[in-house]
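Engineer: Sequence order for the protein chains is A and B.
Under this note's numbering, the letters of the first sequence match residues 2 to 240, in that order.
Under this note's numbering, the letters of the second sequence match residues 2 to 240, in that order.
Just dropping this structure here.
2 protein chains.
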Amino acid sequence: MSLEFYTAKIFEMKLQLQIEMNKALFLRNPEGSELGKNILKYSILLIHKNGFELFTFKKLAEHIGTTEAGIYRYFENKHKVLLYLTAWYWGWLEFQISFQTNNIKDPNVKLKKVINLLAKAAEDDEQTSYVNESLLHQIIIAEGSKAYLTKQVGEDNKQQFFKPYKDLCKVVGNIISECNPKYKYPKSLASTIIEMAHFQNFFMNNLPSLTDFGKSKQESEIVAFLNDLVFSSIKKDKL
Amino acid sequence: MSLEFYTAKIFEMKLQLQIEMNKALFLRNPEGSELGKNILKYSILLIHKNGFELFTFKKLAEHIGTTEAGIYRYFENKHKVLLYLTAWYWGWLEFQISFQTNNIKDPNVKLKKVINLLAKAAEDDEQTSYVNESLLHQIIIAEGSKAYLTKQVGEDNKQQFFKPYKDLCKVVGNIISECNPKYKYPKSLASTIIEMAHFQNFFMNNLPSLTDFGKSKQESEIVAFLNDLVFSSIKKDKL
DNA sequence: ATTAAAAGATAGTAAAACTATCGAAAAAGA
DNA sequence: TCTTTTTCGATAGTTTTACTATCTTTTAAT
């Protein structure tokens, strides 16, 4: 986990987990005030409920009990809110991964653990009161790729907005290379796992004929599929 | 290829390829008039140039030399235009696949051909004057998933708007099953190939550190990665 | 030649996406 | 504690987007 733009800190007293965010994502730090925390909390609730397209600062303000102008003091526009939430999620997930794979030596076991964390619904983490990780996970599934599928992707990338996502990919890619140093596509396989953990979930629930899990709708099946995919690919004794 | 909602027809005289479209996608058939064809042509040009978010009927009308109201007679809203273009593309691609794999018996060779067609840039097909397939391919890469990543996905699916995409997935899934009838995830592997053919392309060009092709930026490398991924997964002598 | 459909021209509305200003309240510093 | 700065709430206004409506002219079909 990089220390440049985000780090995970644990304050023992309050057991509060804080992900340090890229300051260019916001005009005023939303984690620094009650209003700001409410903006994050209700953004998650509203984007989850109505989708990103129907999410507006006006509606958000009404739900919080403040005004549109109040929101604009924190975020330039709703795209920045989405970038903030996705960056937060990837940072949080990388922390979960580094925490939960901490004393695992076998990279194969580690990789399995990572696939599990990627594909299984997050439980709401009590350590962050204003972020509902479970809803945020569903937002990432349905809206996450809209953060980068834009014409400004180059600009946003220059400003390091995708650093948490890229860092996570790097971590996963490195584990893949540990499993098999000769495997030729560790980065592409890493981004494939991450994207497919979410896309297969979306398809399973919305366009089930695109998956083999339409009947059961069990996340564990996505995990099994990804494990098969990954470990077939990186197996050492391939021709 | 299904005959219900779209079929490919070749008129020998004009050598004109026509993809039959789901009528619920439009208010007036855009292929039936000059204005309609211009709407398709300039929609492709403008979405490609500015991205779907900045694409408006006002700008489109100005480029064509008609009025906003004129566009609304053909399409209910811009989301329907995106659905139309994606459906058209998947229909066209399925035709290309069935045409180009026509007399191939070996399903493994067939699958390789499919991966090639999915991942390699389409050349502009002279048979359709008002659709630039090359630009459309790039639109599918950057905007394609926005067609289904919405809250209306269930409604849109009921109206069969994703049928061409699902049909293509089915075709690819069937080829996978032909290669190895015991492979457990043919549909999920099919949707993974299709999505990754596009996502790896987007990443390669916009967030290169998420791939192993950032240096060369060659589509042939994506093809190699997908071939390795697929044929490792479906290999019969796996443990 | 008649008439039905398509296209052009114009107007107007509601909501979204902002920007600007002002005064009250709350927090921070001296 | 008093003062200054920061934050917030309230209000107002602009531009653009996303439509709907109507009327007239042009084009196409019978």
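All residues carry an ideal CB built from backbone N, CA and C; glycine is no exception.
1) Would you identify the three-state DSSP class for Q161 of chain B, choosing helix, strand or coil?
2) Look up L18 of chain A in the DSSP assignment and say whether it is helix, strand or coil.
3) So is I140 of chain A buried or exposed if we call it buried at 16+ other beta carbons inside 10 Å?
4) Counting only runs that start and end within the segment 75 to 137 of chain A, where is the alpha helix (DSSP H) found for 4 or more residues in a row?
5) In the DSSP assignment, the alpha helix (DSSP H) including L46 of chain B goes from what residue to what residue?
6) Label F290 of chain A either buried or exposed according to how many other C-beta atoms from any shown protein chain fall within 10 Å of its C-beta, with 16 as the threshold for buried.
7) Measure from the C-beta of G52 of chain A to each C-beta in chain B and report whether the shortest distance is under 9 angstroms.
8) Give the single residue among A:H138, A:E35, A:Q161 whose Cα lies nearest to the Cα of G71 of chain A.
9) Using 10 angstroms around the beta-carbon of N103 of chain A, count the other beta-carbons present and answer buried if the total reaches 16, otherwise exposed.
10) Does any C-beta atom of chain A lie closer than 9 angstroms to the C-beta of E144 of chain B?
11) For the putative contact between L61 of chain B and Y43 of chain B, defined by C-beta atoms under 8 angstroms, what is the C-beta separation to the nearest angstrom?
12) Is the beta carbon of H64 of chain A closer than 9 angstroms to that of L119 of chain A?
13) Please classify F200 of chain A: does DSSP put it in a helix, a strand, or coil?
14) Using the rule of at least 16 other Cβ atoms within 10 Å of the residue's Cβ for burial, across every protein chain shown, is N39 of chain B buried or exposed?
15) Who are the neighbours of L150 of chain B on chain A, taking C-beta pairs under 8 angstroms?
16) If we count Cβ pairs, one from each stretch, closer than 8 angstroms, do we get three or more for the segment 162 to 178 of chain B versus the segment 151 to 159 of chain A?
17) Taking buried to mean at least 16 other C-beta atoms within 10 Å of its own C-beta, is Y85 of chain A buried or exposed?
18) Return yes when the Cβ of V173 of chain B is within less than 9 angstroms of the Cβ of I195 of chain B, no when it is not.
19) Are the C-beta atoms of V154 of chain A and some chain B residue less than 9 angstroms apart?
20) With a 10 Å radius around its C-beta and 16 neighbouring C-beta atoms as the bar for buried, classify V110 of chain B as buried or exposed.
21) Any beta-carbon of chain A closer than 9 angstroms to the one on Y166 of chain B?
22) Would you grab the beta carbon distance between L211 of chain B and K188 of chain A for me? Rounded to a whole angstrom, and I think it's under 8 angstroms.
23) If you compare alpha carbons, which of A:Q128, A:T129, A:N133 is closest to A122 of chain A?
24) Are S192 of chain B and Q201 of chain A closer than 9 angstroms when you measure CB to CB?
25) State the DSSP-derived secondary structure class of F214 of chain A, mapped to helix, strand or coil.
26) Among B:Q219, B:L55, B:G215, B:G145, which has the Cα closest to the Cα of Y90 of chain B?
27) Quick one, which residues of the segment 76 to 95 of chain B are near chain A if we go by CB-CB under 9 angstroms, in chain order?
28) Considering only their Cβ atoms, is the gap separating L94 of chain B from K147 of chain B smaller than 9 angstroms?
29) Would a C-beta distance cut-off of 9 angstroms place G92 of chain A and I20 of chain A closer than the cut-off?
30) Quick check: what's the CA-CA separation for D107 of chain A versus K183 of chain A?
31) Quick check: is any heavy atom of the ligand FAD less than 8 angstroms from the C-beta of I223 of chain A?
Structural biologist: Answer, in terms of the structure:
1) Residue 161 of chain B sits at position 160 when you count from the first residue of the second sequence. Residue state for Q161 of chain B is assigned as coil, using DSSP reduced to three classes.
2) Here residue 18 of chain A refers to the residue found at position 17 when the first sequence is read from its first residue. Taken through DSSP and simplified to helix, strand or coil, L18 of chain A comes out as strand.
3) Along the first sequence, one-based indexing puts residue 140 of chain A at 139. I140 of chain A comes out buried.
4) Fully contained in the segment 75 to 137 of chain A are the following alpha helix (DSSP H) runs of length 4 or more, in chain order: 79 to 101, 108 to 120.
5) In the second sequence, the residue the question calls residue 46 of chain B occupies position 45. 35 to 51 is the span of the alpha helix (DSSP H), which, as asked, contains L46 of chain B.
6) Chain A is shown from 2 up to 240; residue 290 of chain A falls before or after that span and cannot be answered.
7) Here residue 52 of chain A corresponds to residue number 51 of the first sequence, with the count starting at 1. Interface residue (Cβ-Cβ distance to chain B less than 9 angstroms): G52 of chain A is classified as such.
8) For the purposes of this step, residue 71 of chain A is taken as residue 70 along the first sequence, with counting starting at 1. Of A:H138, A:E35, A:Q161, the residue nearest in Cα terms is A:E35.
9) Numbered from 1 along the first sequence, position 102 holds the residue referred to as residue 103 of chain A. When all chains shown are included, N103 of chain A counts as exposed.
10) As a working mapping, residue 144 of chain B is identified with position 143 in the second sequence. At least one C-beta of chain A is nearer than 9 angstroms to the C-beta of E144 of chain B.
11) Along the second sequence, one-based indexing puts residue 61 of chain B at 60. Along the second sequence, one-based indexing puts residue 43 of chain B at 42. Confirmed, Cβ separation roughly 6 angstroms.
12) The residue you call residue 119 of chain A lines up with position 118 of the first sequence. The residue you call residue 64 of chain A lines up with position 63 of the first sequence. No, the Cβ-Cβ distance between L119 of chain A and H64 of chain A is not below 9 angstroms.
13) In the first sequence, counting from the first residue as 1, residue 200 of chain A sits at position 199. Three-state DSSP puts F200 of chain A in a helix.
14) Residue mapping note: residue 39 of chain B aligns to position 38 of the second sequence, counting from 1. N39 of chain B should be labelled buried.
15) As a working mapping, residue 150 of chain B is identified with position 149 in the second sequence. Near L150 of chain B (Cβ distances below 8 angstroms), the residues of chain A are A143, E144, S146, K147, F203.
16) Contact between the segment 162 to 178 of chain B and the segment 151 to 159 of chain A is absent: fewer than three C-beta pairs spanning the two stretches fall below 8 angstroms.
17) Locating residue 85 of chain A in the first sequence gives position 84, counting from the first residue. With a threshold of 16 other beta carbon atoms within 10 Å, Y85 of chain A meets it and is buried.
18) The residue given as residue 195 of chain B occupies position 194 in the second sequence. The residue given as residue 173 of chain B occupies position 172 in the second sequence. In this structure, the beta-carbon distance from I195 of chain B to V173 of chain B falls below 9 angstroms.
19) If you number the first sequence from 1, residue 154 of chain A lands on position 153. At least one chain B Cβ lies under 9 angstroms of V154 of chain A.
20) The count along the second sequence starts at 1 and reaches residue 110 of chain B at position 109. By the neighbour-count rule (16 or more Cβ atoms within 10 Å), V110 of chain B is not buried but exposed.
21) The sequence position of residue 166 of chain B within the second sequence is 165, counting from 1. Closer than 9 angstroms: yes.
22) Taking the second sequence and counting its residues from 1, one reaches residue 211 of chain B at position 210. Taking the first sequence and counting its residues from 1, one reaches residue 188 of chain A at position 187. Yes, they are in contact, since the Cβ atoms of L211 of chain B and K188 of chain A sit about 6 angstroms apart, within 8 angstroms.
23) Start at 1 with the first residue of the first sequence, and residue 122 of chain A comes out as number 121. Per the Cα distances, A:N133.
24) In the second sequence, residue 192 of chain B corresponds to position 191, counting from 1. In the first sequence, residue 201 of chain A corresponds to position 200, counting from 1. Cβ distance < 9 angstroms, so S192 of chain B and Q201 of chain A count as in contact.
25) Along the first sequence, one-based indexing puts residue 214 of chain A at 213. Reduced to three states, the DSSP call for F214 of chain A is coil.
26) Here residue 90 of chain B corresponds to residue number 89 of the second sequence, with the count starting at 1. The shortest Cα separation from Y90 of chain B among B:Q219, B:L55, B:G215, B:G145 belongs to B:G145.
27) The residues in question are H80.
28) Here residue 147 of chain B refers to the residue found at position 146 of the second sequence. Here residue 94 of chain B refers to the residue found at position 93 of the second sequence. Not a contact, by the Cβ cut-off of 9 angstroms.
29) Start at 1 with the first residue of the first sequence, and residue 92 of chain A comes out as number 91. Start at 1 with the first residue of the first sequence, and residue 20 of chain A comes out as number 19. Contact flag set, yes.
30) Stepping through the first sequence from its first residue, residue 107 of chain A is reached at position 106. Stepping through the first sequence from its first residue, residue 183 of chain A is reached at position 182. Those two C-alpha atoms are separated by around 17 angstroms.
31) The ligand content of the structure shown is nil, which means the ligand FAD is not present either.
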